[in-house]
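S.K.: First the structure, which I've put down as structure tokens, then a few questions once you've had a look.
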Amino acid sequence: MGGMDGFGAVVHEDNEPTFHFDWEARIFALLLACRPYGNTDELRHAIERIPAQRYLTSSYYERWLDAMQILLVEKGAILRDELASRDIDPPTPSQPSNRLQKRPAEASRARARFRRGDRVIARNINPAGHTRLPRYIRGKRGVILRDWGTYALPDSNAHGGGERPQHVYSVAFKAREVWGANAPSRDTIHIDLWEDYLEATRPGAKAAVNRKPATGRGKKQ
Amino acid sequence: MSENHSSVPTGAALRVKALEALLEEKGLVDPAALDQIIDAYENKVGPHNGARVVARAWSDATFRKRLLADATTVVAEMGYGGPEGGHLVAVENTPRVHNLVVCTLCSCYPWPVLGLPPAWYKSFAYRSRAVRDPRGLLKEFGLKIPEQVEIRVWDSSAEQRYLVIPRRPLGTARMNEDELAEIVTRDSMIGTAIVKPPSRKGAPA
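This is the structure in structure tokens:
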């Protein structure tokens, strides 16, 4: 959604209840209680596979309901016929879950490839499956601020490919790098990105964010 | 807008009811467990938790330092935990930096300290604009951030969940931690508001 046009102003409701309808509370709790039928990455991918027109015209908890039904059927916990017989067919996903062969964790990934102050570029990749690399940041240059340690790779974990943990970094991008010269010069966007989403920029490349590297190297204004 | 919760067709209610009944018949869910989950998020987990964290950070310099270094541990010590709380990060507003939290990919949010996100946080409008036009968006929230202040937007794209530590307002030097917690709002911990000093009338005696 980052950077998309056309959604208008943000509507702020005062004294908003936790749930607006009982069914919202029920689907929220159902999904938490039924987590064994899909990890968070599979759930997110199921939400992303709701056909786009339907996604855009559904409320937040309607999307949870769709995704839960998609997952329960795909995981074999319930049969599509059982839902159909109660007249609650789930939507047909826009694409299949694309199961990957499970691969073991790579020991080499325990070592961080980047460190604070490194200049990186968010890779311009467009995977067909699940990813947590926001579209608006692809191809943009940033600076590594922090190494958060290793986390399951969503691009694999959403597809049954195993957790294959790798380092996740807090990466800072200048608003101008992302949105162009009209963006305020001081503003920044900080995103948490898996190592596979990043590559090093050439040595001596112009810094995208002026920030003092902790190591003191590469200091350049 | 169609994503607005007020225009949700009743079809969703019927579908959820039927799905719950089916899962219950199959022994896949326990209705009592569902009630417990709902009760927790309606009555126990909420921004009052985060407000206590902020109030303590304002009152205790050592705590503040530890919170900024490792919010997950510090918040767990206060008894707040659960889903979406495994990797908490506290980011502090200063005279030079204003922090704003969004999740452009879905609606990631620090549940243990803020509860479930409000509808606007989950809206397409917020998710699309917070990264691209944070200043315009904040103006709609009634917040004008001076040009010389950096707006630092945190897009929660991985496991880290962000809690903004707003600036402590002037005129609160005599307030204790409990009183301070009362004035910290949810929106100030997302970054769409600042904390205002208590009005004289409403101030605790």
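These protein sequence lines map, in sequence, to chains C and Y.
Counting in the working numbering, the first sequence runs from 236 upward without gaps.
Counting in the working numbering, the second sequence runs from 516 upward without gaps.
Idealized CB from N, CA, C, for every residue including glycine.
Small disclaimer: the values here were computed from a predicted structure and weren't measured.
1. Please report the distance separating the alpha-carbon of PRO400 (chain C) from that of ALA407 (chain C).
2. Under 8 Å, Cβ to Cβ, is there at least one residue of chain Y near ARG338 (chain C)?
3. If I follow the unbroken alpha helix (DSSP H) through ASP670 (chain Y), where does it start and stop?
4. Does ILE553 (chain Y) come within less than 8 Å of chain C when only Cβ atoms are used?
5. Assign LYS637 (chain Y) to one of two classes, buried (16 or more other C-beta atoms within 10 Å of its C-beta) or exposed (fewer than that).
6. Please report the distance separating the alpha-carbon of SER521 (chain Y) from that of ALA634 (chain Y).
7. When the Cα of GLY384 (chain C) is compared with those of C:ALA345, C:VAL378, C:GLU309, which residue comes out closest?
8. In chain order, what residues of the same chain lie with their CB nearer than 6 Å to the CB of LEU582 (chain Y), ignoring the 5 residues before and after it?
9. Any chance the stretch 260-269 of chain C sits against the stretch 539-549 of chain Y, with 3 or more Cβ pairs inside 8 Å?
10. Residues in the same chain with beta-carbon distance under 7 Å from PRO419 (chain C), minus the five sequence neighbours each way, listed in chain order, please.
11. What does THR423 (chain C) pair with, by DSSP beta-bridge criteria?
12. With DSSP run on the structure shown, which of helix, strand or coil describes THR587 (chain Y)?
13. I'd like the ranges of any beta strand (DSSP E) spanning at least 3 consecutive residues and lying wholly in the stretch 329-360 of chain C.
14. Report yes if the CB atom of ASP422 (chain C) is closer than 8 Å to the CB atom of PRO627 (chain Y), and no otherwise.
15. Over what stretch of residues does the alpha helix (DSSP H) that includes GLU283 (chain C) continue unbroken?
16. Among Y:LEU615, Y:ASP702, Y:GLU535, whose alpha-carbon lies nearest the alpha-carbon of TRP669 (chain Y)?
17. What does the alpha-carbon distance come out to for the pair THR525 (chain Y) and GLU607 (chain Y)?
18. CB TYR432 (chain C) to CB ARG358 (chain C), shorter than 8 Å?
19. Using a C-beta cutoff of 8 Å, does TRP626 (chain Y) count as contacting chain C?
20. How about HIS613 (chain Y) and ILE660 (chain Y): are their beta carbons less than 8 Å apart?
21. Looking only at C-alpha atoms, which of Y:LEU543, Y:LEU603, Y:GLU662 sits nearest to GLY311 (chain C)?
22. Along the alpha helix (DSSP H) that carries LEU266 (chain C), what are the first and last residues, could you check?
23. Give the straight-line distance between the Cα atoms of GLY630 (chain Y) and GLU557 (chain Y), rounded to the nearest whole angstrom.
24. In chain order, what residues of the stretch 661-684 of chain Y put their CB closer than 8 Å to some CB of chain C?
25. Going along the chain, which residues of its own chain have a beta-carbon closer than 7 Å to the beta-carbon of TYR371 (chain C), five neighbours each way excluded?
26. Can you tell me the Cα-Cα spacing of PRO326 (chain C) and ILE285 (chain C), whole angstroms?
27. DSSP state of ASN250 (chain C), grouped into three classes?
28. Name the one or two DSSP bridge partners that THR385 (chain C) has.
29. Taking 7 Å as the limit between beta carbons, can you name the residues of its chain near LEU306 (chain C), skipping five residues before and five after?
30. Determine whether the beta carbon atoms of GLU430 (chain C) and HIS394 (chain C) lie at a separation below 8 Å.
31. Taking only beta-carbon positions, decide if LEU380 (chain C) is within less than 8 Å of chain Y.
32. Give, in chain order, every unbroken run of the alpha helix (DSSP H) that is at least 4 residues long and sits entirely within the stretch 530-583 of chain Y.
33. Using a beta-carbon distance cut-off of less than 9 Å, what residues from the stretch 639-650 of chain Y approach chain C?
34. Roughly how many angstroms separate the alpha carbons of THR436 (chain C) and ARG373 (chain C), rounded to a whole number?
35. Which chain Y residues are close to GLU251 (chain C), counting only those with a beta carbon under 9 Å from its beta carbon?
36. Who pairs with VAL710 (chain Y) in a beta bridge, going by DSSP?
M.R.: Taking the coordinates as given:
1. Approximately 22 Å, taken between the alpha carbons.
2. no
3. Following the DSSP letters along the chain, one finds ASP670 (chain Y) in no alpha helix (DSSP H) but inside the beta strand (DSSP E) bounded by residues 665-670.
4. So, interface residue.
5. That one is buried.
6. Residue placement at SER521 (chain Y) is flagged as unreliable, the pLDDT there being 48, under the threshold of 50; a coordinate-derived value is accordingly withheld.
7. C:ALA345
8. Closer than 6 Å at Cβ, skipping near neighbours: ALA572, VAL589, ALA605.
9. yes
10. ALA410
11. DSSP output for THR423 (chain C) lists C:LYS409, Y:ARG667 as bridge partner(s).
12. helix
13. 354-357
14. The answer is no: Cβ separation not under 8 Å.
15. 275-283
16. Y:LEU615
17. 42 Å
18. yes
19. no
20. yes
21. Y:LEU543
22. 257-268
23. 8 Å
24. GLU662, GLN663, VAL664, GLU665, ILE666, ARG667, VAL668, TRP669, ASP670, SER671, SER672, ALA673, GLU674, GLN675
25. GLY237, GLY238, VAL413
26. The alpha-carbon separation between PRO326 (chain C) and ILE285 (chain C) amounts to approximately 7 Å.
27. coil
28. C:HIS402
29. TYR272, GLY273, GLU277, LEU278, ALA281
30. no
31. Not an interface residue.
32. 546-554, 562-574
33. Legend: CB atoms of the stretch 639-650 of chain Y lying less than 9 Å from CB atoms of chain C belong to residues PHE639, ALA640, TYR641, ARG642, SER643, ARG644, ALA645, VAL646, ARG647, ASP648, PRO649, ARG650.
34. 14 Å
35. PRO633, ALA634, TRP635
36. Answer by DSSP bridge pairing: none, since VAL710 (chain Y) is not bridged.
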